[in-house]
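Read the structure below first, then the notes.
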Amino acid sequence: MEPTNRMHQPWERALAFGAAVSMVAALWAIFVYVPTDRVQGIVQRIFYFHVPLALVTFLAFGITAVASALYLWRGHSRWDRVAYASAELGVVYCTLVLVTGPIWAKPIWGTWWTWDARLTTTLILWLIYIAYLMLRNLTTDPQQGARYAAVLGIIGALDIPVINRSVYWWRTIHPAVLITREGGTGLSDPRMQLTLAVSAVAMLLLFLWLLRARVAQADLHARIEELEKALLKA
Amino acid sequence: MENLHFLFAAYTAVWAMIFLYVWSMSRRTRRLEQQLEELLRLIQARERANASSASRAREGNEVDT
Amino acid sequence: MWTLLKKDLLLEWRAREMLPALLLLGTLTLVVLSFAFDPMLPWRREAAPGAFWVALLFAAVYGFGRSFVAEQQNEVLQGLLLAPLDRGTIYLAKATSTLVYLLAADSVLMALFVVFFDVPVHQGLWPWVAATLLASVGLAALGTLFAAISMRTRAREVMLPLLLLPLVVPLFLGGVEVTERCMAGRPLGAASAWLHLMAGFDVAAVVVAWLLFEYVVED
């Protein structure tokens, strides 16, 4: 069976369907169901996208790290394709976190960017995985590029908790003028918690659907290269 | 409902980015699928050419002997 | 491993690619930052630690790149790989020799820093020295690995800083915090946690880089 982007297996269809349904449910929950936050007003609803985007970003880069390790250890190029696809999606989601964050911050805190620990760590995370993508595109030998990127994927993921810790310490020494809540979601209303959960599920399913499609595309590309090589030899 | 435009901006950004990504991915995949079809056709044509030339060679031998 | 180390040290000494680069860029950065901060302003004293660490980072990132260019040109690495040597050992030798030269450059930069930024020299400066030492170990460890990677890419000069700088943020933050503390004349106290963080980072960095180096150089 040729790898294509069309969904053949039932679980793939179910995933797409689930992603669509949960997305609609999340939108309804965010715009209709959940009450407006008393303190922050209507802008607070960005939170219900911003946080799930961040969660999926971490998942994506975690997948990249694990797939990278498996690729280096086992050598199946499929792991490399998964790592690359997940990193690409991770950068997309991370960019969205960095875009929605300041848009949320501006009306609430009056400034686009605060060097608070989480946003700063996300920025550094973004930089590391942009470097990952550049490394893959700029290496002359693609196989070597895959290996280099795998090394970066592993080291990047290991480093992030350390970076987070150090940025957090740094912020406690130099607190911002504005106090930001560092721990937990700070949500008291169960309706808000439910909305957050639904949105998180929607983002997750969307990510998985995109990941499957992207990996399928990479598989397709690999198959084509195989055939081309065989053709040249014949 | 102050700050509504911020909310709008954030959601538009999310939707736009995801849409762009899906769109570019599907375009690339379609191009790859076309490439694959062409390659497969090329391979089949070559196999047919090899097969017919092989059978012609056999016929040529039979005629000679 | 010792012969390798000696060979690396000798090679660099003869080629003289890395050490001058380290010194040059570090010095230039310190000078430029001296201009950037008006000597008359009182907060210049507070900004000074940052200036030192920026200079150190930039020097390291630039200098590491130079060291591998020389090797590339002589294809020394190729020759080493053909020999039945443990990849990890090659890495350790290379990283150690890089560290030695980095530390040499560090001492010059520290002296220049004391002069340019009018730092009072007293007992309390030992944490600064310790922080510089720890940071250099981490920089050499990761820098050697990523310099090997970036040398084989198309955008060599850009790749190494792009890869290395985000990853060494903990070292940078720790260095600045500790330096700030001890230049202000305050006892280290809670800030010693930073030194522990940097030490832990270094250990992890050396181990991970040592393990992963073979994947970087295999062909």
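Protein chains in written order, with the numbering used here: chain A, 318 to 551; chain B, 1155 to 1219; chain C, 956 to 1174.
All C-beta atoms in this analysis are idealised placements derived from N, C-alpha and C, irrespective of residue type, glycine included.
Because the structure is a prediction, the values reported are computed rather than measured.
Here residue 1171 of chain C has 1100, 1103 and 1104 as same chain residues with Cβ atoms under 8 angstroms from its own Cβ, once five neighbours each way along the sequence are excluded.
Going by C-alpha positions, residue 423 of chain A is about 10 angstroms away from residue 417 of chain A. Residues of chain A with a Cβ closer than 8 angstroms to the Cβ of residue 1208 of chain B do not exist, since the nearest Cβ in that chain sits about 14 angstroms away. When the alpha-carbon of residue 1064 of chain C is set against those of C/1091, C/1097 and C/1045, the nearest one is in C/1091. Cβ contact annotation for residue 974 of chain C (same chain, cutoff 6 angstroms, sequence separation greater than five): 1056, in chain order.
The alpha-carbon of residue 539 of chain A is positioned some 46 angstroms away from that of residue 1088 of chain C. Inclusion of residue 1094 of chain C and residue 1123 of chain C in the CB contact set at 8 angstroms is warranted, their separation being smaller than that value. By the neighbour-count criterion, in which a residue is buried when 16 or more other Cβ atoms sit within 10 angstroms of its Cβ, residue 1049 of chain C is buried.
The beta carbon of residue 462 of chain A sits closer than 6 angstroms to the beta carbons of 453 and 456 from its chain, once the five residues preceding and following it are set aside; these are given in chain order. Proximity of residue 403 of chain A to chain C, defined by a Cβ-Cβ separation below 8 angstroms, is not satisfied. Rounded to whole angstroms, the Cβ separation of residue 1175 of chain B and residue 409 of chain A is 5 angstroms, and the two are in contact under 8 angstroms. By the C-beta density criterion, residue 534 of chain A is buried, having at least 16 other C-beta atoms within 10 angstroms.
Here residue 515 of chain A really is in contact with residue 346 of chain A; their C-beta atoms are around 5 angstroms apart, less than 8 angstroms. Residue 413 of chain A sits close to residue 370 of chain A, with the two beta carbons spaced by under 8 angstroms. By the criterion of at least three beta-carbon pairs nearer than 8 angstroms, the region 1146-1155 of chain C is in contact with the region 1119-1136 of chain C.
Note: residue 358 of chain A is bridge-paired with A/354 in the DSSP secondary-structure output.
In the structure shown, residue 428 of chain A adopts coil according to DSSP, grouped into three states.
Here residue 1044 of chain C carries a helix assignment [DSSP, helix/strand/coil]. Listed along chain C are 1110, 1114 and 1117, each with a C-beta nearer than 8 angstroms to that of residue 451 of chain A. In the DSSP annotation of this structure, the continuous segment of the alpha helix (DSSP H) that includes residue 989 of chain C starts and ends at 973-991. From the beta-carbon of residue 366 of chain A, the residues of chain B found nearer than 8 angstroms are 1164, 1165 and 1168. In the three-state scheme derived from DSSP, where H, G and I count as helix and E and B as strand, residue 1099 of chain C is classed as helix.
Counting along the chain, the unbroken alpha helix (DSSP H) around residue 490 of chain A starts and ends at 459-490. Contact with chain A is found for residue 1160 of chain B, since one of that chain's Cβ atoms lies less than 8 angstroms from the residue's Cβ. A residue is called buried when at least 16 other Cβ atoms come within 10 angstroms of its Cβ; residue 1001 of chain C does not meet this threshold and is exposed. Assignment of beta-bridge partners to residue 1108 of chain C by DSSP yields A/456.
No residue range can be given for residue 1073 of chain C, since it is assigned to no alpha helix (DSSP H) and is classified by DSSP as neither H nor E. Judged by beta-carbon spacing, residue 1186 of chain B lies beyond the 8 angstroms limit of residue 359 of chain A, meaning their Cβ atoms are not closer than that value. With fewer than 16 other CB atoms across the displayed protein chains lying within 10 angstroms of its CB, residue 1192 of chain B is exposed.
Within the same chain, 434, 437 and 438 come within 6 angstroms of residue 484 of chain A by CB-CB distance, once the 5 residues on both sides are set aside.
Only residues of its own chain outside the window of five on either side were considered, and among them 438 have a CB closer than 6 angstroms to the CB of residue 481 of chain A, listed in chain order. With a threshold of 8 angstroms between beta carbons, residue 1045 of chain C makes no contact with chain A. For residue 1152 of chain C, the C-beta contacts it makes with chain A under 9 angstroms involve 479, 482, 483 and 486, in order along the chain. Taking each of A/406, A/363 and A/390 in turn and checking the Cα distance to residue 523 of chain A, the smallest one comes out for A/406. Between the alpha carbons of residue 430 of chain A and residue 1198 of chain B lies a gap of roughly 59 angstroms. With the criterion set as a beta carbon lying under 7 angstroms from some beta carbon of chain C, the members of the region 425-449 of chain A are 441, 444, 445 and 448, in sequence order.
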